[in-house]
Amino acid sequence: MNPEPVLDFNATYDGAGVYTGNPEGEGPLTTSDLGLPLESKKEKILIRYSACEMDIQVRRTPKLIELIINGKVYARKEESVIQTNYRISAMYKGIKVETEYNQASQILYVDGVKMAGKTRFF
Numbered sequence: 001m002n003p004e005p006v007l008d009f010n011a012t013y014d015g016a017g018v019y020t021g022n023p024e025g026e027g028p029l030t031t032s033d034l035g036l037p038l039e040s041k042k043e044k045i046l047i048r049y050s051a052c053e054m055d056i057q058v059r060r061t062p063k064l065i066e067l068i069i070n071g072k073v074y075a076r077k078e079e080s081v082i083q084t085n086y087r088i089s090a091m092y093k094g095i096k097v098e099t100e101y102n103q104a105s106q107i108l109y110v111d112g113v114k115m116a117g118k119t120r121f122f
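If you read the sequence shown in the numbering used here, its first letter stands for residue 1, the second for the next number, and so on.
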């Protein structure tokens, strides 16, 4: 049986949760950002919430779901033609931010605590 990996809280991880290191050795665990939200003529903010000096948005475009924190994308998932359940997450200054879509409900969690949610009607 393999031991659980030990997270380095002074490291950085990319949008897929892959360790990328932190050569500066500064700050708490943060997922590397994926840049600015992609431009789209059609978009919808599914959830918006502000907490812990973070402005968090879950944004849907015709092809993507994006988890945006303070104007930058930290996680993204391709939107399928048929809506499926999903969960995407990122670490921001040591705080885990994740969103989940499950049977028409979009929910936002911050450090495992449900902070916002809404039911999506089609």
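Backbone N, C-alpha and C fix where the C-beta goes; we use that ideal spot for every residue, glycine too.
This one's a predicted model, so the numbers in the text were calculated from it and none came from an experiment.
(request) Decide if the region 98-107 is in contact with the region 37-44; the criterion is three or more beta carbon pairs, one per stretch, under 8 Å apart. (result) no
(request) Going by DSSP, name the residue or residues bridged to residue 110. (result) Within the sequence shown, numbered from 1, the residue matching residue 110 stands at position 110. Paired residues: 97, 113.
(message) Check whether chain B comes within 8 Å of residue 52, counting only Cβ atoms and requiring the distance to be less than that.
(response) Protein chain content of the structure displayed is limited to a single chain, and chain B is not contained in it.
(request) Taking only the alpha-carbon atoms, compute the straight-line gap between residue 114 and residue 49 and give it to the nearest angstrom. (result) Residue 114 sits at position 114 when you count from the first residue of the sequence shown. Residue 49 sits at position 49 when you count from the first residue of the sequence shown. Going by the C-alpha atoms only, they are around 11 Å apart.
(request) Measuring alpha carbon to alpha carbon, tell me which of 108, 89, 116, 76 ends up nearest residue 35. (result) In the sequence shown, the residue the question calls residue 35 occupies position 35. Of the candidates 108, 89, 116, 76, the one whose C-alpha sits nearest the C-alpha of residue 35 is 76.
(message) Which of the three DSSP states is assigned to residue 75 in this structure?
(response) Taking the sequence shown and counting its residues from 1, one reaches residue 75 at position 75. Residue 75 falls in the strand class under three-state DSSP.
(request) Look up residue 63 in the DSSP assignment and give the residues it is bridged to. (result) Counting from one through the sequence shown, the residue named residue 63 turns up at place 63. Answer is none; residue 63 lacks a bridge partner.
(request) Give the straight-line distance between the Cα atoms of residue 23 and residue 91, rounded to the nearest whole angstrom. (result) Taking the first residue of the sequence shown as position 1, residue 23 is located at position 23. Taking the first residue of the sequence shown as position 1, residue 91 is located at position 91. Low local confidence applies: a pLDDT of 48 at residue 23 is under 50, so the model's placement there is unreliable, with the coordinate-based value given in what follows. Whole-angstrom Cα-Cα distance: 18 Å.
(request) Compare the C-alpha of residue 116 against each of 30, 51, 29 and name the closest. (result) Indexing the sequence shown from 1 puts residue 116 at position 116. Closest option to residue 116, Cα to Cα, is 51.
(message) According to DSSP, is residue 85 part of a helix, a strand, or is it coil?
(response) Along the sequence shown, one-based indexing puts residue 85 at 85. Coil, per DSSP.
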